[in-house]
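Chemist: Before I ask anything, here is the structure I am working with.
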Amino acid sequence: MGVLQDKNQYAQNISNLRYDGKVNEAIAQCKVATEVYLTDNFFFKILGDLYMDIDCYEEAASAYLENLKRMNCPELFRTFVRFYERIRQKVDEDFLAGCQDQIIVAVKRHEISSEIAMKITELWKRNEFIASPELHALALLSDSDTNFESVKR
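Just so we're on the same page, the working numbering is the position in the sequence shown counted from 1, plus 23.
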């Protein structure tokens, strides 16, 4: 299936494949779309959802990390929250802590916008979401405006 010309065509094709039960084909098409629209977070979010559909949690987490890196609108953060709530019910604490550590690294490298990083910190301040001791320390640091620069680093 060659390169489609339009983002909407990709989205519709992936949706059709998914709902026809052809999840692996949908994943393949979604990967092509992530290459064509490399700076867009949309197809990385869809890719993460597709991987969740087939219980490939490592791949789902990786796709959602890429989604976070490209997320430029804080209103879209709720899609990550839904994913995070889904995956934390499926994986063990060590896996979740590893995912959190990858996100922390991306924040420190400024691969995730400061607005989204603040949303992540707000989410992880809630005790039920904390799996990593470093994450808890990061969340506590962000409580003080004087520590904001440390949190961003």
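Ideal Cβ placement from N, Cα and C applies to all residues, glycine included. Here the structure is a predicted model, which is why all the values come from computation and not from measurement.
Excluding five sequence neighbours on each side, which residues of the same chain lie with their C-beta closer than 6 Å to the C-beta of residue 102?
Modeler: In the sequence shown, residue 102 corresponds to position 79, counting from 1. Excluding sequence neighbours, residue 102 sits near 68.
Chemist: Report the rounded CA-to-CA distance for residue 15 versus residue 92, giving the unit in angstroms.
Modeler: Residue 15 cannot be examined here, being either before or after the span of the chain that is shown, 24 to 176.
Chemist: Where does residue 98 land, buried or exposed, given buried means 16+ other C-beta within 10 angstroms?
Modeler: Working through the sequence shown from its first residue, we reach residue 98 at position 75. It counts as exposed.
Chemist: Could you tell me the distance, in whole angstroms, from the CA atom of residue 116 to the CA atom of residue 106?
Modeler: Against the sequence shown, residue 116 aligns to sequence position 93. Against the sequence shown, residue 106 aligns to sequence position 83. The straight-line gap from Cα to Cα measures roughly 16 Å.
Chemist: For residue 132, name the three-state secondary structure that DSSP assigns.
Modeler: As a first step, residue 132 must be located in the sequence shown, where it is residue number 109. Of the three classes helix, strand and coil, the one that applies to residue 132 here is coil, per DSSP.
Chemist: Could I get the ranges of all uninterrupted alpha helix (DSSP H) runs contained in the segment 82-115, with 4 residues as the minimum, in chain order?
Modeler: Segments of the alpha helix (DSSP H) lying fully in the segment 82-115: 100-111.
Chemist: Looking at the secondary structure, which residues open and close the alpha helix (DSSP H) in which residue 40 lies?
Modeler: The sequence position of residue 40 within the sequence shown is 17, counting from 1. Residue 40 -> alpha helix (DSSP H) spans 30-42.
Chemist: Mind checking which residues open and close the alpha helix (DSSP H) that includes residue 70?
Modeler: Translated into the one-based positions of the sequence shown, residue 70 becomes position 47. From DSSP, the alpha helix (DSSP H) with residue 70 extends over 65-76.
Chemist: Grab me the residues of residue 125's own chain with a C-beta within less than 7 Å of its C-beta, minus the 5 sequence neighbours each way, in chain order.
Modeler: Reading the sequence shown from its first residue, position 102 is the one you call residue 125. Excluding sequence neighbours, residue 125 sits near 88.
Chemist: From residue 85 to residue 149, what does the alpha carbon distance come to, in whole angstroms?
Modeler: If you number the sequence shown from 1, residue 85 lands on position 62. If you number the sequence shown from 1, residue 149 lands on position 126. Using only the alpha carbons, I get a separation of about 23 Å.
Chemist: Look at residue 80 and residue 114 and say whether their C-beta atoms are less than 8 Å apart.
Modeler: Your numbering for residue 80 matches position 57 in the sequence shown. Your numbering for residue 114 matches position 91 in the sequence shown. Their beta carbons are under 8 Å apart, which means residue 80 touches residue 114 by this criterion.
Chemist: Report yes if the C-beta distance between residue 143 and residue 130 is below 8 Å; otherwise report no.
Modeler: Here residue 143 refers to the residue found at position 120 when the sequence shown is read from its first residue. Here residue 130 refers to the residue found at position 107 when the sequence shown is read from its first residue. Yes, they are a contact pair.
Chemist: Looking at the structure shown, is residue 146 part of a helix, part of a strand, or coil, going by DSSP?
Modeler: Within the sequence shown, residue 146 is the residue found at index 123, counting from 1. DSSP places residue 146 in helix when its eight states are reduced to three.
Chemist: Indicate the three-state DSSP secondary structure (helix, strand or coil) for residue 80 in the structure shown.
Modeler: Indexing the sequence shown from 1 puts residue 80 at position 57. Three-state result, residue 80: helix.
Chemist: Should residue 42 go down as buried or exposed, given a rule of 16 or more other Cβ atoms within 10 Å for buried?
Modeler: Taking the sequence shown and counting its residues from 1, the one referred to as residue 42 is at position 19. Exposed is the call here.
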